[in-house]
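Contents: one structure, followed by commentary.
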């Protein structure tokens, strides 16, 4: 999010539970898994996960803003995702009727058009999406008073009953979503950025949010609400008053009905390309 345009970055990693990896976007096939039991991951495929992750981070120029400790957590989480069997009970359910993408009062159609008509979202889950907000930072301009407002910026989305909920955690190794701080963003007007990692079907696996320390607490909390929407899978609204507008003057202090309605519609859709349904 920025005063003038979005800082979102999307990163996709293809993971299949028992048959290895397949090409997705810029990724290449790693071949078959070998030497692993059911629900396990071979040493070779564990290495491939790390290599693919590193190549994607490098290709998008994220290395300078991604701490080594966080990269290690990401790799471990992806390896764990790759070792899990697909949840067949979810896949066996009949697909729900697709909602009207042009439903009045929402911006789902415009959002999907900007995002290449691809739906990305979290799988419905009984356990919460665990969010870790960096409690201390040596970045210029950071103060501990920023942490609680950022946490509240995520939790406001819990009122929507999407089938997923955010919960704060104090242990970074337990996080599905990590929020870190930076005094210098790629653009001077940028307040926040998000990259999400998805499997080949479009299910979000993890996310990393970077927030600027160069703005006041009100602007940062506003950016946290916006980036939390990206974490959920939302793209941008074309309307400036919405939290998910690409630009801001820092005046969006709560989710609008359009934000709420669009998120609910998004979570009625299965992930993947809209034009294939």
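Residue numbers (the working numbering): 79 to 355.
Positions of the beta carbon are idealized from the N, C-alpha and C atoms, including for glycine.
Run through DSSP, which three-state label would residue 340 get? Position 262 of the chain shown, counted from the start, is the residue given in the question as residue 340. Three-state DSSP puts residue 340 in a helix.
Helix, strand or coil, according to DSSP, for residue 261 in the structure here? Translated into the one-based positions of the chain shown, residue 261 becomes position 183. Correct three-state label for residue 261: coil.
Could you please give the first and the last residue of the uninterrupted beta strand (DSSP E) stretch that includes residue 293? Looking up residue 293 in the chain shown gives position 215. From DSSP, residue 293 is part of no beta strand (DSSP E); its letter is neither H nor E.
Do the CB positions of residue 342 and residue 238 come within less than 8 Å of each other? In the chain shown, counting from the first residue as 1, residue 342 sits at position 264. In the chain shown, counting from the first residue as 1, residue 238 sits at position 160. For residue 342 and residue 238, yes; Cβs fall inside 8 Å.
Are the beta-carbon atoms of residue 269 and residue 246 separated by less than 8 Å? As a position in the chain shown, residue 269 is number 191, starting the count at 1. As a position in the chain shown, residue 246 is number 168, starting the count at 1. Going by C-beta atoms, residue 269 is not nearer than 8 Å to residue 246.
Return the chain-ordered list of same chain residues with a C-beta closer than 6 Å to the C-beta of residue 302, the five sequence neighbours on each side being excluded. Walking along the chain shown from the start, residue 302 turns up at place 224. Cβ neighbours of residue 302 beyond the five flanking positions: 228 and 231.
Does the separation of the CB atoms of residue 286 and residue 148 fall below 8 Å? For the purposes of this step, residue 286 is taken as residue 208 along the chain shown, with counting starting at 1. For the purposes of this step, residue 148 is taken as residue 70 along the chain shown, with counting starting at 1. Closer than 8 Å, so yes.
Return helix, strand or coil for residue 347, following the three-state DSSP convention. Here residue 347 corresponds to residue number 269 of the chain shown, with the count starting at 1. If DSSP states are grouped into helix, strand and coil, residue 347 belongs with coil.
Drop a sphere of 10 angstroms on the beta-carbon of residue 305, count the other beta-carbons inside from all chains shown, and report buried for 16 or more, exposed for fewer. Reading the chain shown from its first residue, position 227 is the one you call residue 305. Residue 305 comes out buried.
May I ask you to list the residues that DSSP assigns as paired with residue 143? By one-based count along the chain shown, residue 143 stands at place 65. In the DSSP output, where bridge partners are listed per residue, residue 143 has none listed.
With a threshold of 16 other CB atoms inside 10 Å of the CB of residue 182, please say whether the residue is buried or exposed. Sequence index remark: in the chain shown, residue 182 carries index 104 (1-based). For residue 182, the number of other beta carbons within 10 angstroms of its own is below 16, and it is reported as exposed.
Tell me which residues share the same chain as residue 339 and place their Cβ nearer than 6 Å to its Cβ, disregarding the 5 neighbours each side in the sequence. Within the chain shown, the letter at position 261 stands for residue 339. Within the same chain, residue 339 has close Cβ partners 183 and 184.
Taking the alpha-carbon of residue 120 as reference, which of 157, 350, 194 and 139 has the nearest alpha-carbon? Within the chain shown, the letter at position 42 stands for residue 120. For residue 120, the nearest C-alpha among the options comes from 157.
In its own chain, which residues sit with a C-beta less than 6 Å from the C-beta of residue 201, not counting the 5 before and 5 after it? Your numbering for residue 201 matches position 123 in the chain shown. The residues are 281.
Are the segment 184 to 193 and the segment 204 to 215 in contact at 8 Å, needing three or more beta carbon pairs? no
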